[in-house]
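2 protein chains.
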Amino acid sequence: MNWEIEVLKILGLKGALNGFITVTSSELAEDLDTSQQTASNRILSILKNGNIERKMGTRHQRIKITAKGRNMLCKEYADYKAIFKPVEEIIMIGSVSAGLGEGQYYVAQYAKQFEASLGFKPFEGTLNLTVDEENAQKLSHVPRSAIIEIESFKADGRSFGKVSCIPARIRDVQCAIVIPKRSHHINVIEVLAQYHLRKNLKVKEGEDLEIIINIE
Amino acid sequence: MNWEIEVLKILGLKGALNGFITVTSSELAEDLDTSQQTASNRILSILKNGNIERKMGTRHQRIKITAKGRNMLCKEYADYKAIFKPVEEIIMIGSVSAGLGEGQYYVAQYAKQFEASLGFKPFEGTLNLTVDEENAQKLSHVPRSAIIEIESFKADGRSFGKVSCIPARIRDVQCAIVIPKRSHHINVIEVLAQYHLRKNLKVKEGEDLEIIINIE
DNA sequence: ATTACTAGATAGCGAGTAT
DNA sequence: TATACTCGCTATCTAGTAA
Numbered sequence: 001m002n003w004e005i006e007v008l009k010i011l012g013l014k015g016a017l018n019g020f021i022t023v024t025s026s027e028l029a030e031d032l033d034t035s036q037q038t039a040s041n042r043i044l045s046i047l048k049n050g051n052i053e054r055k056m057g058t059r060h061q062r063i064k065i066t067a068k069g070r071n072m073l074c075k076e077y078a079d080y081k082a083i084f085k086p087v088e089e090i091i092m093i094g095s096v097s098a099g100l101g102e103g104q105y106y107v108a109q110y111a112k113q114f115e116a117s118l119g120f121k122p123f124e125g126t127l128n129l130t131v132d133e134e135n136a137q138k139l140s141h142v143p144r145s146a147i148i149e150i151e152s153f154k155a156d157g158r159s160f161g162k163v164s165c166i167p168a169r170i171r172d173v174q175c176a177i178v179i180p181k182r183s184h185h186i187n188v189i190e191v192l193a194q195y196h197l198r199k200n201l202k203v204k205e206g207e208d209l210e211i212i213i214n215i216e
Numbered sequence: 217m218n219w220e221i222e223v224l225k226i227l228g229l230k231g232a233l234n235g236f237i238t239v240t241s242s243e244l245a246e247d248l249d250t251s252q253q254t255a256s257n258r259i260l261s262i263l264k265n266g267n268i269e270r271k272m273g274t275r276h277q278r279i280k281i282t283a284k285g286r287n288m289l290c291k292e293y294a295d296y297k298a299i300f301k302p303v304e305e306i307i308m309i310g311s312v313s314a315g316l317g318e319g320q321y322y323v324a325q326y327a328k329q330f331e332a333s334l335g336f337k338p339f340e341g342t343l344n345l346t347v348d349e350e351n352a353q354k355l356s357h358v359p360r361s362a363i364i365e366i367e368s369f370k371a372d373g374r375s376f377g378k379v380s381c382i383p384a385r386i387r388d389v390q391c392a393i394v395i396p397k398r399s400h401h402i403n404v405i406e407v408l409a410q411y412h413l414r415k416n417l418k419v420k421e422g423e424d425l426e427i428i429i430n431i432e
């Protein structure tokens with residue numbers, strides 16, 4: 001009885017939730033793209049299941065969806081609401097990889113800004129996660145509201161460009177993804193945290209980690 | 217392909233609208249309450265229809281709903297939104313019947329209150345509509361917000377009880393259904409208007425009339 | 001007009017199994 | 001492990017027709 005919800009939906013659209021409506025089996029057959037006989041059969045089945053009630057006239061049947069039937073439709077509606085509800089978190093998977101070493105220097109330069117924006121004093125070194133194309137693409141789905149921008153500034157006799165930070169967590173440890181503004185085509189993401197993540201999480205190079213970004 | 221939307225819904229709930237997800241055919245089979253073979257077949261059909269795209273690994277397939285598939289789900293969602301959208305009007309059908317004659321006296325007594333509440337000076341006489349059980353029941357679906365209550369008062373040496381008024385229209389003529397608070401089991405509804413409705417609408421006793429109540 | 005029964009036609013299912 | 005092919009069987013569908 002895969003079609004039951006489909007029939008109830010059509011009846012619902014015709015107003016059978018609000019009271020008895022006149023529906024001929026041929027009319028229903030057309031809506032269902034099937035024969036009159038099949039439509040008639042389906043009505044009988046749904047009737048037996050107690051999802052509709054029916055009043056027979058000499059020429060017409062009138063149908064109303066019961067509380068039980070209404071419930072089925074409600075459940076289905078709830079599913080669709082859930083499907084189209086905006087995602088609350090984005091989960092990326094990447095494998096731990098060796099950093100370029102220069103991370104330490106940059107973190108030190110941006111340290112004050114990071115602390116002010118992220119709310120924690122970052123450990124001077126990043127955890128690098130190598131991600132595949134699919135996971136990398138997820139970054140582009142992160143809405144602006146979840147991104148903290150750090151403005152460019154001058155220090156140490158040179159200028160440092162804009163950096164985007166995305167607060168996230170790895171195994172419930174607070175951290176942030178750091179993206180220099182100029183970078184495209186990222187396949188390694190740099191993660192900042194209060195601690196030495198690799199030691200703290202006891203992970204080795206090549207191991208997979210989930211990093212979770214909260215939305216809203 | 218009656219089940220296509222059902223499969224897309226399940227995939228949608230698993231997050232296949234936001235990116236590729238790993239789904240085995242056995243897992244899907246369980247959700248669909250069918251065999252692994254059937255689930256596999258359904259995936260292939262939906263794939264052929266262009267409603268999902270798929271990436272094959274050695275052990276797993278990863279599936280994502282395409283724009284076309286998303287559209288199907290959207291359309292379905294819109295249907296459910298339409299089904300559960302509150303009704304905007306209630307249409308009752310009744311046949312014109314002879315009044316009890318006492319209507320005139322009561323309308324005269326309540327005249328001031330009616331005028332103040334309804335915004336028109338009622339003709340001193342009601343149009344009576346005899347309704348069947350089904351149409352009578354519709355009155356109970358009228359929300360409080362659409363009902364104007366007239367409080368009890370004393371006049372002419374006696375007391376007059378509470379009356380509920382429901383603004384409505386018959387063939388675009390503004391009117392109101394009047395229900396004395398004490399009445400249960402109504403099979404005749406009394407309608408008040410600015411004019412002599414029976415003459416104005418040119419209807420005879422026994423003729424059917426539609427009376428429409430606006431909600432919100 | 002309708003609804004709905006019977007019975008023959010057929011589409012879809014799933015066990016077995018290849019890959 | 002997976003996915004997915006073949007094929008016999010059974011579910012379901014519909015034409016014909018009764019009520």
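Which chain is which? The protein sequence lines are A and B, in order. The numbering of the first sequence is the working numbering, which starts it at 1 and goes up by one. The numbering of the second sequence is the working numbering, which starts it at 217 and goes up by one. Glycine included, each C-beta is placed from N, C-alpha and C at the ideal position.
Near-chain A residues of the stretch 286-313 of chain B - C-beta to any C-beta below 7 Å: Leu289, Glu292, Tyr293, Asp295, Tyr296, Ala298, Ile299, Phe300, Val303
For glycine 319 of chain B, the first and last residue of its enclosing alpha helix (DSSP H): Position 103 of the second sequence holds residue 319 of chain B. Element bounds for glycine 319 of chain B: 319-334.
Same chain, Cβ closer than 6 Å to valine 209 of chain B, five either side skipped, listed in chain order: As displayed, chain B neither begins before 217 nor continues past 432, which places residue 209 of chain B out of reach and without an answer.
Where phenylalanine 236 of chain B meets chain A, residues with beta-carbon distance less than 9 Å: Here the question's residue 236 of chain B lines up with position 20 in the second sequence. For phenylalanine 236 of chain B, the chain A residues whose C-beta falls within less than 9 Å of its own C-beta are Glu134, listed in chain order.
CB contact flag (serine 260 of chain B, glutamate 222 of chain B, <9 Å): Counting from 1 along the second sequence, the entry for residue 260 of chain B is found at position 44. Counting from 1 along the second sequence, the entry for residue 222 of chain B is found at position 6. In the sequence as displayed, the identity of residue 260 of chain B is leucine instead of serine. No; because the gap between Cβ atoms is not below 9 Å, this pair is not in contact.
Range covered by the beta strand (DSSP E) that runs through glutamate 27 of chain A: Within the first sequence, numbered from 1, the residue matching residue 27 of chain A stands at position 27. Premise fails: glutamate 27 of chain A lies in the alpha helix (DSSP H), 25-32, not in any beta strand (DSSP E).
Closer than 9 Å to chain B by CB, lysine 9 of chain A: Within the first sequence, numbered from 1, the residue matching residue 9 of chain A stands at position 9. It does: the Cβ of lysine 9 of chain A has a partner Cβ on chain B nearer than 9 Å.
From B:Arg398, B:Pro396, B:Gly231, B:Leu417, residue whose alpha carbon lies closest to that of phenylalanine 84 of chain A: Here residue 84 of chain A corresponds to residue number 84 of the first sequence, with the count starting at 1. Closest by alpha carbon: B:Gly231.
Test item: CB-CB of valine 142 of chain A and isoleucine 215 of chain A under 9 Å: Counting from one through the first sequence, the residue named residue 142 of chain A turns up at place 142. Counting from one through the first sequence, the residue named residue 215 of chain A turns up at place 215. The answer is yes: Cβ separation under 9 Å.
Host alpha helix (DSSP H) of serine 40 of chain A (start-end): As a first step, residue 40 of chain A must be located in the first sequence, where it is residue number 40. Run containing serine 40 of chain A: 36-48, per the alpha helix (DSSP H) assignment.
Assigned secondary structure, leucine 197 of chain A (DSSP; H/G/I helix, E/B strand, else coil): The residue labelled residue 197 of chain A in the question sits at position 197 within the first sequence. Helix.
Neighbouring residues, chain A, relative to asparagine 218 of chain B (Cβ below 8 Å): Your numbering for residue 218 of chain B matches position 2 in the second sequence. Ordered by position in chain A, the residues that pass the 8 Å Cβ test against asparagine 218 of chain B are Asn2, Trp3, Glu6.
Three or more C-beta pairs below 8 Å linking the stretch 63-70 of chain A and the stretch 79-94 of chain A: Output reads no: the stretch 79-94 of chain A does not touch the stretch 63-70 of chain A.
Same chain, Cβ closer than 7 Å to methionine 1 of chain A, neighbours up to 5 away in sequence not counted: Numbered from 1 along the first sequence, position 1 holds the residue referred to as residue 1 of chain A. Excluding residues within five positions, the ones whose Cβ falls inside 7 Å are Ser45.
First through last residue of the beta strand (DSSP E) which encompasses glycine 94 of chain A: As a working mapping, residue 94 of chain A is identified with position 94 in the first sequence. From DSSP, the beta strand (DSSP E) with glycine 94 of chain A extends over 89-97.
Beta-carbon proximity list for asparagine 187 of chain A, same chain, < 7 Å, skipping 5 on both sides: Taking the first sequence and counting its residues from 1, the one referred to as residue 187 of chain A is at position 187. Closer than 7 Å at Cβ, skipping near neighbours: Thr130, Val131, Ala136.
In DSSP terms, what glutamate 361 of chain B is bridged to: If you number the second sequence from 1, residue 361 of chain B lands on position 145. The displayed chain sequence assigns serine, not glutamate, to residue 361 of chain B. In DSSP, serine 361 of chain B forms no bridge with anything.
Rounded distance between the beta-carbons of valine 96 of chain A and glutamate 210 of chain A, thought under 8 Å: Counting from one through the first sequence, the residue named residue 210 of chain A turns up at place 210. Counting from one through the first sequence, the residue named residue 96 of chain A turns up at place 96. So it is not a contact: roughly 12 Å between Cβ atoms.
Whole-angstrom distance between asparagine 344 of chain B and glutamate 406 of chain B, CA atom to CA atom: To locate residue 406 of chain B, count along the second sequence from 1; it is residue 190. To locate residue 344 of chain B, count along the second sequence from 1; it is residue 128. Whole-angstrom Cα-Cα distance: 5 Å.
Residues bridged to cysteine 74 of chain A [DSSP beta-bridge criterion]: Here residue 74 of chain A refers to the residue found at position 74 of the first sequence. None; cysteine 74 of chain A has no bridge partner.
Within 7 Å of chain A by C-beta, residues of the stretch 407-428 of chain B in sequence order: none
Nearest candidate by alpha-carbon position, reference lysine 271 of chain B, set A:Asn200, A:Arg70, A:Glu133: As a working mapping, residue 271 of chain B is identified with position 55 in the second sequence. Of A:Asn200, A:Arg70, A:Glu133, the residue nearest in Cα terms is A:Glu133.
Leucine 233 of chain B (DSSP reduced to helix, strand or coil): Here residue 233 of chain B is taken as the residue at index 17 of the second sequence, counted from 1. Leucine 233 of chain B falls in the coil class under three-state DSSP.
Cβ pair leucine 227 of chain B, isoleucine 237 of chain B closer than 9 Å: For the purposes of this step, residue 227 of chain B is taken as the residue at position 11 of the second sequence. For the purposes of this step, residue 237 of chain B is taken as the residue at position 21 of the second sequence. Yes, they are a contact pair.
Minimum Cβ-Cβ distance from histidine 141 of chain A to chain B less than 9 Å: The residue given as residue 141 of chain A occupies position 141 in the first sequence. By this cut-off, histidine 141 of chain A is an interface position.
Proximity winner among A:Lys204, A:Ile147, A:Leu201, relative to lysine 181 of chain A (alpha-carbon distances): Counted from its first residue, the first sequence places residue 181 of chain A at position 181. Cα-wise, what sits closest to lysine 181 of chain A is A:Ile147.
For isoleucine 268 of chain B, three-class secondary structure by DSSP: Residue numbering aside, residue 268 of chain B sits at position 52 when the second sequence is read from its first letter. Correct three-state label for isoleucine 268 of chain B: strand.
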